[in-house]
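> Pasting a structure below so you can have a look.
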Amino acid sequence: MTRPHANRAALLIALGLITLLVLAASIRYGAIDFSVSAIARALASLFPGQPEPTLDQRIFLELRLPRAVLCLLVGASLGVGGTLMQALFRNPIVEPGLVGTSSGAAFGSALFFVLGGVFHFGASLWSLPLAACLGGVISTYLVFLLARSREDGRASIVLLLLTGLAVNALFMSAIGFLSYIARDPQARSITFWSLGTLSGASWRAVEIVAISTIAGAVIALRYAKQLNALMIGEEEATYLGVNVNRLKWIILSINVVIVAVATAFTGVISFVGLIVPHILRMLGGANNRYLIIGSALLGATLLSLADLIARLALRPAELPIGIVTSAVGVPVFLSLLRRRQYVF
Amino acid sequence: MLAARNITFRIGNKPLITDVTVSFAPGKLHLVIGPNGAGKSTLIKVLARLLRPQAGKVEYAGTDVRETSEAELARQRAVLSQAVDVAFPLSVREVVMMGRYPHFGSRPGPTDERVTDEVMAFFEVTEFRDRNYQTLSGGERQRVNFARVLNQLWRTDSDPTAAGSGFRYLFLDEPLTFLDIRHQIDFMKKLRRFANAADAITVGVVHDLNLAARFAEQIVMLDDGRVAAAGTATEVLTPDRIRQVFGVEPTFVPVKESGVHLFFDSPEVAQTSVCVRGITD
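Residue numbers (the working numbering), protein chains in the order written: chain V, 422 to 765; chain Y, 11 to 291.
As structure tokens, this is what we get:
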């Protein structure tokens with residue numbers, strides 16, 4: 422049963438409130454817990470005329486807070502990316518990384534680490550996300566080039582899925598090779614980074630990811646109607662006035678940018694983009710306008726929860742977040758699959 | 011007026027339709043008939059501009075269809091296909107609402123909501139309103155899609171977006187496939203009602219020659235990618251032509267109001283002339 426619109430609006434508002442709650446929990450708890458009054462004092466110290474922040478307050482302002490915000494943004498990116506890819510491929514088992522984007526972005530960043538170690542340059546503000554984007558674009562383009570049919574030059578969905586699988590495997594092995602030949606410090610960061618982590622969060626990272634996430638989601642929302650039309654097939658969508666090839670390129674471009682930029686700062690985080698649209702569809706149907714907004718909120722919420730677990734499970738040490746998302750995501754995904762009402 | 015002029019469409023070296031010239035007048039129901047592989051669906055797709063022919067052109071009210079934008083075309087042209095699958099669970103109302111997509115920006119307005127309700131009532135699918143489209147039977151789906159497609163072309167006096175618009179073009183590609191006999195007749199009656207509007211140009215493909223004879227005001231018979239005959243049912247459906255194009259032996263039985271009913275027999279029991287033709291094929 423698909424539910425009417427009124428429920429969806431209520432659902433989105435509820436999701437928004439849950440997101441705020443999780444954000445509150447995620448800034449409060451961690452390696453060190455901050456009391457509400459400590460958080461208030463730390464925030465107050467930002468205003469002119471207040472005393473300089475203490476060490477604890479600086480930890481909160483420069484580590485905890487940007488990390489929590491970055492987590493929201495990356496989760497939103499992965500959620501929206503998942504929704505976009507599933508709508509485009511008309512298939513509920515698709516992930517943003519599917520068309521090679523994630524592994525390409527990971528490879529771009531890994532190569533950057535290794536070359537940085539050899540030629541002695543470090544990651545600056547834009548160079549790492551740029552390297553990741555470049556990797557993401559190259560791998561995505563590679564997938565489309567290889568998946569293009571010889572007869573009519575159009576890429577069939579099945580061929581894309583399979584080619585994506587192969588290209589992903591190629592790039593992951595390339596990353597393995599890089600970490601094998603790399604000298605110790607880089608190798609460690611590649612390993613940690615390929616499992617996904619938010620420990621490198623900074624306000625710089627927040628700025629960059631905020632730009633790509635918000636711009637990506639807003640543009641995607643403008644194409645929600647066309648993505649809905651695509652649900653009844655490419656031919657039918659064409660009859661409804663949709664330029665299907667143009668739509669494909671726009672949606673893929675949005676996906677490449679938001680996923681690659683997020684991957685650049687946090688590494689490969691799987692299952693968020695897969696599960697979020699699933700849950701939302703079960704709650705409120707498949708309308709893409711609702712799904713895009715909802716997947717930004719739910720993606721942010723779920724990734725924040727995962728990060729909270731990653732920080733608290735072995736406190737004061739922390740787990741790579743990718744391990745948490747996979748450990749929590751796989752059983753959830755499997756149970757969703759068993760109750761699914763989709764036909765693959 | 012809708013006109014196809016000297017249309018040739020090929021895939022690779024294989025011509026699907028060859029030098030087809032045919033025109034369709036408003037206010038009438040036009041049905042295209044012909045055996046499998048005669049190029050009926052291809053002709054519909056060329057007319058609807060899904061396929062671009064290698065030669066010839068399609069004109070909507072005298073304008074070459076290539077000069078119209080996708081969005082503009084979608085506001086005046088709709089196509090009903092044989093079967094439509096929805097990839098994700100969508101409510102029936104959402105599927106019917108898709109017909110209004112070319113008429114609004116990012117979200118449906120009050121007019122779109124009202125017209126959609128009106129169309130759903132007209133096509134008697136209001137009872138499915140909140141059902142998941144994926145759980146409907148083939149016949150129910152087709153009725154929902156008929157509603158969706160006509161929602162795209164629906165015009166009411168109170169709809170400001172429709173004022174002063176030109177012709178509406180409706181194409182149907184074997185729309186009866188999944189309908190039971192009652193819904194087939196119901197469908198054809200509703201289709202006829204739409205087609206008889208002065209601003210409607212309607213072209214459909216059907217397989218059942220009797221339905222074509224009964225409901226079509228104009229018939230185009232295709233054979234091997236070419237127009238074999240065009241005109242009224244009595245002009246087109248002659249025993250000789252049916253024998254020649256379909257390879258079956260027709261028997262005409264007079265019926266009270268609709269004129270005649272056709273029975274068919276396989277060519278084995280037919281006259282020698284048909285068998286001879288079968289060999290030369």
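We put the CB at the ideal spot given by N, CA and C, even for glycine. It should be emphasised that the depicted structure is a prediction, and the values quoted were computed from it without experimental measurement.
1. Determine the DSSP secondary structure at ARG604/V, reduced to helix, strand or coil.
2. Residues of chain Y with a CB under 8 Å from the CB of GLU516/V: which are they?
3. Give a yes or no on whether the C-beta atoms belonging to VAL213/Y and VAL42/Y are separated by under 8 Å.
4. Where VAL106/Y and SER623/V are concerned, what is the direct C-alpha to C-alpha distance, given to the nearest angstrom?
5. Let me know if PRO737/V comes out buried or exposed under the rule of 16 or more other beta-carbons within 10 Å of its beta-carbon.
6. To the nearest angstrom, report how far apart ASP74/Y and VAL68/Y are at their CA atoms.
7. Starting from ILE21/Y, trace the beta strand (DSSP E) in both directions and tell me its first and last residue.
8. Go through its chain and collect everything with a Cβ distance to ALA727/V's Cβ below 7 Å, but skip five positions before and after it.
9. Which same chain residues end up closer than 6 Å to GLY557/V when comparing Cβ atoms and leaving out the 5 residues on each side of it in sequence?
10. Is the CB of THR504/V under 8 Å away from at least one CB in chain Y?
11. If you draw a straight line from the alpha carbon of PRO45/Y to that of GLU184/Y, how long is it in whole angstroms?
12. With DSSP collapsed to three states, give me the class of GLU483/V.
13. For the candidate residues GLY654/V, PHE481/V, LEU499/V, whose alpha-carbon lies nearest to that of PHE510/V?
14. Run through DSSP, which three-state label would ALA97/Y get?
15. Measuring only between beta-carbons, confirm whether ASP122/Y sits less than 8 Å from chain V.
16. Excluding the 5 residues flanking ILE629/V on each side, which residues of the same chain have their C-beta closer than 7 Å to its C-beta?
17. Count the other C-beta atoms from every protein chain shown that fall within 10 angstroms of the C-beta of TYR601/V, then say buried if there are 16 or more, exposed otherwise.
18. Assuming VAL663/V contacts ALA650/V (C-beta within less than 8 Å), just tell me the rounded distance between them.
19. Suppose the cutoff is 6 Å on Cβ atoms and the five residues either side in sequence are ignored; what does the same chain contact list for ARG15/Y look like?
20. On the criterion of 16 or more Cβ atoms from any shown chain inside 10 Å, does SER276/Y qualify as buried, or is it exposed?
21. Using three-state DSSP, classify GLY214/Y as helix, strand or coil.
22. State buried or exposed for GLN147/Y, treating a residue as buried only when at least 16 other CB atoms are found within 10 Å of its CB.
23. If I measure Cβ to Cβ from ASN428/V and keep anything under 8 Å in the same chain, skipping five residues before and after, which residues do I get?
24. Compare the C-beta of TYR711/V with all C-beta atoms of chain Y and state if any pair is closer than 8 Å.
25. Quick one: is GLU77/Y near chain V, going by C-beta distance under 8 Å?
26. Of the choices PRO752/V, LEU755/V, ILE675/V, LEU740/V, whose alpha-carbon is the least far from that of GLY500/V?
27. Out of curiosity, what's the CA-to-CA distance linking GLY502/V and PHE598/V?
28. Would you mind stating whether LEU90/Y and ARG59/Y have Cβ atoms separated by less than 8 Å?
29. So which of GLY149/Y, PHE204/Y, VAL258/Y, GLY47/Y has the shortest CA-CA distance to ASP233/Y?
30. Pick out whichever of PHE274/Y, THR52/Y, GLN86/Y has its Cα sitting closest to the Cα of THR18/Y.
31. How is ASN142/Y classed by DSSP in three states: helix, strand or coil?
32. Quick one: give me the first and last residue of the beta strand (DSSP E) that MET107/Y is part of.
33. Could you have a look at MET231/Y and say whether DSSP puts it in helix, strand or coil?
34. Is the distance from the Cβ of SER498/V to the Cβ of THR618/V below 8 Å?
35. Quick one, which of ILE696/V, SER594/V, ILE448/V has its alpha-carbon nearest ILE730/V's?
36. Listed from N- to C-terminal order along the chain, which residues in the segment 685-716 of chain V have their beta-carbon within a distance smaller than 7 Å of any beta-carbon of chain Y?
Per the coordinate set shown:
1. coil
2. Result: empty, since nearest Cβ-Cβ is about 16 Å, beyond 8 Å.
3. yes
4. 48 Å
5. exposed
6. 6 Å
7. 12-21
8. ILE742, VAL745, THR746, VAL749
9. THR522, GLY525, ALA526, VAL677, ALA681
10. no
11. 13 Å
12. helix
13. GLY654/V
14. coil
15. no
16. PRO550, VAL682
17. exposed
18. 5 Å
19. THR31, GLY66, LYS67
20. exposed
21. strand
22. As written in the sequence, residue 147/Y is Ser, which differs from the Gln given in the question. So SER147/Y counts as exposed.
23. GLY705
24. no
25. no
26. ILE675/V
27. 28 Å
28. no
29. GLY47/Y
30. THR52/Y
31. strand
32. Looking at the DSSP string, MET107/Y is not in any beta strand (DSSP E); the run it does join, the alpha helix (DSSP H), is 102-107.
33. strand
34. no
35. ILE448/V
36. ARG702, GLY706, ALA707, ASN708
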